[in-house]
Structures are given as C-alpha cells and as structure tokens.
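Read through the structure below, which is laid out as structure tokens, and then see the notes.
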Amino acid sequence: MDTLLRETVNAVVNSRFPEMSIEGRRQIESILIREEFPKGAIALNEGEVAHELVFLGKGMLRQYYYKNGKDVTEHFSYEGCIVMCIESFLKQVPTRLIVETLEPSIIYLFPRDMIQKLARENWEINMFYQKILEYSLIVSQVKADSWRFESARERYNLLLETHPEIIKRAPLAHIASYLLMTPETLSRVRSGVL
1 MDTLLRETVN
11 AVVNSRFPEM
21 SIEGRRQIES
31 ILIREEFPKG
41 AIALNEGEVA
51 HELVFLGKGM
61 LRQYYYKNGK
71 DVTEHFSYEG
81 CIVMCIESFL
91 KQVPTRLIVE
101 TLEPSIIYLF
111 PRDMIQKLAR
121 ENWEINMFYQ
131 KILEYSLIVS
141 QVKADSWRFE
151 SARERYNLLL
161 ETHPEIIKRA
171 PLAHIASYLL
181 MTPETLSRVR
191 SGVL
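Counted from 1, the sequence shown has number 104 at position 104 by UniProt numbering; the numbering is strictly sequential.
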C-alpha cells in the first residue's frame, strides 16, 4: 500500500469534500497514477494538452507563462494541492502554461476520462469534481481581484497569511512575479520600506 497515496487523497478530498465516504476515497486511489520528478523538471509544457488533474503528494510545483520574454508565475502548489491548467483540461486544447517542479516531487494523475466516468456513476465523485472546479474559479477570481485592488504590501501579506509555505520554499524571483512586482519591490515590501 502506498501510504503517501492515501495521505494525499485524504488531504485533497478533505480540502474540497470532507464528507466523502471511505469507499469513494478508495475508488479515487485505485485510479490515480503515480509519477516522480526531480527538481527543475517540466511536468507539463506549453503546447501540450492537460489530460489529468494532478494531486501533489510531495514537493512543490509552479505554473508559469512567458510574457514579453519574462516568465510570470501564475500559481504555486505544494503537498495536498490539486494542480490543473483549467482551460486545457476542460476544453482539451493546448495549454499556454508550463508546470515545473521547484523541488523533487511525487504527483498522482487523475485522468480526465476516468473522472468523468466516475462522476457519472458516483454522486460523491461528481460532487467532489464540482467542488474542485468551483474552488478553481474562486481562486482565479480572488487572484484577479488582488491584482486589481490591492497594493504590493497587501498582496504579499495575503500570501504570507494564506500560504506561508510558498514564502518559505519558493525562490523570491518566482514569488515576485506571482505578486506582479519586481524582485526589488518584493525586497522593499519584505523589509518594511513599502
């Protein structure tokens, strides 16, 4: 038995649909495909299609894209998170994002066709899938609102409050791009100048 698999499924399910039965959780476990990546590996590249949801068992990932020759971090994920390039996953079109490991990582792939099959057959899986999609939309909206309405300091403080793991583990240049600021601005925010 893969202990990390069970811990990961429980963490992910508990974060979205904690009422799910043991049977539903075991059904998910039986479908997931384990993959391991070294630090700096590309788990999904720009132009590829996202055919799976990713449950992150160990390590840290970032999603990013290039704009005007610079990479811009879209999202960070760490243990117990779900990773997806939502447009590519839902529409089955090539993604514009790149998913990179920031640490040696173990991921579990939940194939799209199996999610859809199980969602038709099992109301719990259907509800879990719906909660994943709802959460993804909410996170996107909160991030967009943060970029529009909050100062650099407010964005940093929110990240520190809600995801201290990112502050502890991600390179500062990636954190700065995620917060839409230069590394110099991030340094001033962290030192209290801004």
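We put the CB at the ideal spot given by N, CA and C, even for glycine.
If you ignore the 5 residues before and after R25, its C-beta comes within less than 7 Å of the C-beta of V9, N10 and V13, all in its own chain and listed in chain order. The bridge partners DSSP lists for Q63 are H75 and V99. With a cut-off of 8 Å on Cβ pairs, the stretch 15-22 is not in contact with the stretch 53-73, counting fewer than three such pairs. With a minimum length of 3 residues, the unbroken runs of beta strand (DSSP E) contained wholly in the stretch 102-134 fall at 105-111. In this structure V54 is buried. Its beta-carbon is surrounded by 16 or more other beta-carbon atoms within 10 angstroms. Counting C-beta pairs closer than 8 Å gives three or more between the stretch 39-59 and the stretch 77-90, which meets the contact rule. A Cβ-Cβ distance of about 6 Å is found for the pair S88 and V49, placing them in contact under the 8 Å criterion. For the pair H51 and A119, the Cα-to-Cα distance works out to about 16 Å. When Cβ pairs closer than 8 Å are counted between the two stretches, the stretch 99-107 is seen to touch the stretch 27-40, the count reaching three or more. Nearest C-alpha to Y129 among I115, E29 and E150: I115. One alpha carbon belongs to H174, the other to E7, and they sit about 28 Å apart. Setting aside the 5 residues that flank it on each side, M84 is surrounded in the same chain by L53, each with a C-beta closer than 6 Å to its C-beta; the list follows chain order.
Each of E161, E165, R153 and L158 was checked against the Cα of T182, and the nearest Cα belongs to R153.
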